[in-house]
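Chemist:
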């Protein structure tokens with residue numbers, strides 16, 4: 224009786240494979256991203272930073288605004304103040320934790336807003352083409368003709384210090400590069416056969432944009448925009464460092480770096496701490512964006 | 079080539095006009111009266127009207143703009159409200175210092191960027207490549223104003239080797255080619271060079287890897303050309319892009335020097351901008367930004383022209 228079982232093929236390779244769906248684009252993306260250990264580590268760091276910002280009141284051991292001059296500029300490792308105190312005697316650890324709120328908000332918001340506005344401009348210009356394209360893109364080129372730091376400083380310098388003005392200036396800085404990428408990608412997609420086919424089968428412009436263009440264009444633009452977050456973080460903190468963004472006494476890393484500049488002779492380690500936070504955040508976003516670009520196989 | 083040059087120049091004109099409009103607009107997006115920093119708060123309405131007339135603020139915008147452009151073309155960028163001196167002379171003095179700093183930083187960053195980029199591109203996925211890649215990611219992610227502070231802490235505060243601020247001994251703001259002045263240049267230039275280093279290394283790495291994977295490389299090798307000879311071909315192919323990146327980076331540094339100049343109290347355009355912003359000296363702000371932005375446009379033009387001139391593959395259509 225055992226002979227029947229022995230007749231069955233034992234080598235699984237010889238069995239007929241079940242019909243599998245060919246793996247889709249997104250499963251490929253997830254697979255590629257899963258192999259990129261560095262990008263995963265960066266993603267986890269970004270997630271931790273976001274959690275730190277959201278739950279700052281629960282994590283921070285002390286009030287980030289409460290200072291006492293008798294305990295100003297304590298070194299790293301002081302009991303009760305593991306990362307020391309700043310020039311007004313405020314707990315550095317608590318201020319660095321709360322600082323994630325301002326710094327992340329100031330760095331990410333402009334890129335998000337510019338992603339919205341820039342994509343709109345670029346997609347419309349790329350889809351409509353012709354004279355409209357020329358007028359829109361030449362206008363964008365004017366803003367592109369300014370070095371980014373200069374444009375940000377010029378706008379927020381003229382508008383005056385403050386969070387709102389800094390956000391507006393940075394958004395204006397990031398619209399041109401995003402619009403340019405959006406326009407380039409849209410122009411490519413517009414000339415594809417499937418768009419032609421959709422047009423031939425009677426779809427109107429809005430349907431084509433919604434179904435065929437957006438789906439193929441938003442991914443690459445998004446990946447490009449994530450690459451800008453790290454620049455935006457550095458620029459936003461830079462504006463606050465110059466006194467143009469967040470204003471005292473708010474805990475923002477760039478501003479903290481500025482107010483602690485005078486302390487480099489007494490407490491160099493404490494003075495350098497806020498910059499370490501900016502650096503970690505910016506490099507995490509950078510590596511994460513690189514990983515996304517590779518995983519999504521985007522070339523922009 | 080000449081027709082290309084002509085077309086490129088024609089294309090630049092609207093950009094220059096646009097840039098001027100933006101700079102002109104800066105004064106008018108500023109909140110409050112453009113005269114707010116000149117007039118005492120209790121100025122009479124009559125005095126205000128007089129001043130508005132004297133500065134030309136009572137005319138329509140397009141007239142003001144044309145007048146401003148006409149004066150700018152003659153080298154007159156207005157008068158600084160804070161110092162009472164001509165904006166053009168203030169900017170000229172500062173631009174020299176910023177140019178020096180950015181130029182040295184670009185050369186430094188370019189040298190190391192090329193070195194890392196070539197090594198990484200040649201030995202792809204080797205440990206050297208990994209290190210070079212990490213260095214270039216650090217280069218583009220580090221907040222350079224913080225790096226400047228760290229360098230000051232290490233080399234000025236702790237080791238006491240180099241001066242922390244200024245462009246020369248005793249607060250002198252005019253640069254001279256001697257050791258005392260050179261010492262002041264080292265820290266800001268090294269700090270500034272980190273950005274182009276990272277970007278150049280990244281670009282060159284990808285470029286070299288791409289060139290080496292092209293068909294002509296095995297062909298050259300089969301022909302019996304030495305590795306050094308092949309290296310020559312790689313350099314020749316990479317040069318146009320490398321030059322373009324370098325030109326653009328110089329432009330970015332010129333415009334973006336404000337943060338580093340603030341850290342090191344370097345008496346350049348960034349320092350001037352900083353002063354202009356906090357004294358609400360709008361003519362000075364406007365003039366400095368116009369000069370820097372036009373510099374950037376000019377640099378872009380030069381880069382494009384040189385790139386086309388040395389790379390026959392770029393179509394001059």
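Protein chains in written order, with our numbering: chain A, 224 to 523; chain B, 79 to 395.
The beta-carbon is built from N, C-alpha and C at its ideal position, and this holds for glycine as well.
Using 8 Å as the cut-off, can you tell me whether the stretch 278–291 of chain B makes contact with the stretch 344–359 of chain B, which would need three or more C-beta pairs spanning the two stretches below that distance?
Modeler: Flag = no, the stretch 278–291 of chain B and the stretch 344–359 of chain B do not touch.
Chemist: Look at the alpha carbon of residue 187/A and the alpha carbon of residue 439/A, and state the distance between them as a whole number of angstroms.
Modeler: Nothing about residue 187/A can be reported from this structure: the residues present for chain A run from 224 to 523 only.
Chemist: Throw me the rounded Cβ distance for the residue 104/B and residue 364/B pair, which I believe falls under 8 Å.
Modeler: Their Cβ separation, rounded to whole angstroms, is 5 Å, which keeps residue 104/B and residue 364/B in contact under 8 Å.
Chemist: Whose Cβ in chain A lies nearer than 7 Å to the Cβ of residue 229/B?
Modeler: The premise fails here: residue 229/B is roughly 11 Å from chain A at the closest Cβ pair, so nothing lies under 7 Å.
Chemist: Taking its Cβ as the centre, do 16 or more other Cβ atoms sit within 10 Å of residue 414/A, making it buried, or is it exposed?
Modeler: Exposed: under 16 other Cβ atoms inside 10 Å.
Chemist: What is the DSSP secondary structure of residue 389/B, counted as helix, strand or coil?
Modeler: In the structure shown, residue 389/B sits in coil (DSSP, three-state: anything other than H, G, I, E or B).
Chemist: In whole angstroms, give me the CA-to-CA distance for residue 394/B and residue 146/B.
Modeler: Residue confidence is low: residue 394/B scores 49 on pLDDT, short of 50, so the model does not pin down where it sits. Its coordinate-derived value is still stated next. When rounded, the distance between both Cα atoms is 36 Å.
Chemist: Under 8 Å by Cβ, that's how I've got residue 402/A and residue 363/A pegged, so tell me the actual separation to the nearest angstrom.
Modeler: So it is a contact: roughly 5 Å between Cβ atoms.
Chemist: In the DSSP assignment, the alpha helix (DSSP H) including residue 213/B goes from what residue to what residue?
Modeler: Taken as a continuous stretch (DSSP letters only), the alpha helix (DSSP H) holding residue 213/B covers 205–219.
Chemist: Return the bridge partner residues of residue 164/B from the DSSP annotation.
Modeler: Residue 164/B is bridged to 157/B.
Chemist: Go ahead and label residue 97/B buried or exposed: buried means 16 or more other beta carbons lie within 10 angstroms of its beta carbon, across all protein chains shown.
Modeler: Residue 97/B comes out buried.
Chemist: Between the stretch 209–237 of chain B and chain A, which residues of the former have a C-beta closer than 9 Å to a C-beta of the latter?
Modeler: Those residues of the stretch 209–237 of chain B that come within reach of chain A (Cβ to Cβ, closer than 9 Å) are 215, 216, 218, 219, 220, 221, 222, 223, 224, 225, 227, 228, 230, 231, 232, 234, 235, 236.
Chemist: Check residue 304/A in the structure and name its three-state DSSP category.
Modeler: In this structure, residue 304/A counts as strand in the three-state DSSP scheme.
Chemist: Under 8 Å between beta-carbons, which chain A residues line up against residue 370/B? List them in chain order, please.
Modeler: Correct list: 370, 373.
Chemist: Check whether chain B comes within 7 Å of residue 464/A, counting only Cβ atoms and requiring the distance to be less than that.
Modeler: Yes, contact with chain B.
Chemist: With a 10 Å radius around its C-beta and 16 neighbouring C-beta atoms as the bar for buried, classify residue 278/A as buried or exposed.
Modeler: So residue 278/A ends up on the exposed side.
Chemist: Taking 7 Å as the threshold (C-beta atoms), are residue 502/A and residue 100/B in contact?
Modeler: Not closer than 7 Å, so no.
Chemist: Using the Cβ count rule (16 or more neighbours within 10 Å means buried), how would you classify residue 305/B?
Modeler: Label assigned to residue 305/B: exposed.
Chemist: Can you tell me whether DSSP reads residue 136/B as helix, strand or coil?
Modeler: Reduced to three states, the DSSP call for residue 136/B is coil.
Chemist: Any beta-carbon of chain A closer than 7 Å to the one on residue 93/B?
Modeler: Cβ-Cβ to chain A under 7 Å: yes for residue 93/B.
Chemist: Between 135/B, 260/B, 231/B, which has its C-alpha nearest residue 486/A's C-alpha?
Modeler: Residue 486/A has its Cα closest to that of 231/B, out of 135/B, 260/B, 231/B.
Chemist: Considering only C-alpha positions, which residue in the set 457/A, 511/A, 373/A, 451/A is nearest to residue 338/A?
Modeler: Of 457/A, 511/A, 373/A, 451/A, the residue nearest in Cα terms is 451/A.
Chemist: With a CB to CB cut of under 7 Å and the five nearest residues on each side skipped, what residues in its chain are close to residue 341/B?
Modeler: Answer for residue 341/B: 223, 226, 227, listed in chain order.
Chemist: Using the rule of at least 16 other Cβ atoms within 10 Å of the residue's Cβ for burial, across every protein chain shown, is residue 280/A buried or exposed?
Modeler: Answer is exposed; the Cβ neighbour count stays below 16.
Chemist: Kindly give me the distance between the Cβ atoms of residue 271/B and residue 187/B, rounded to whole angstroms, as I take these residues to be in contact under 8 Å.
Modeler: Confirmed, about 4 Å.
Chemist: Excluding the five sequence neighbours on either side, which residues of its own chain have a C-beta within less than 6 Å of the C-beta of residue 381/B, listed in chain order?
Modeler: Cβ within range, chain order: 322, 325.
Chemist: Less than 7 Å between the beta carbons of residue 421/A and residue 431/A, yes or no?
Modeler: Their beta carbons are under 7 Å apart, which means residue 421/A touches residue 431/A by this criterion.
Chemist: Where does residue 359/B fall in DSSP's three states?
Modeler: Residue 359/B falls in the coil class under three-state DSSP.
Chemist: Under the three-state reduction of DSSP, which class applies to residue 520/A: helix, strand or coil?
Modeler: It is coil, neither helix nor strand.
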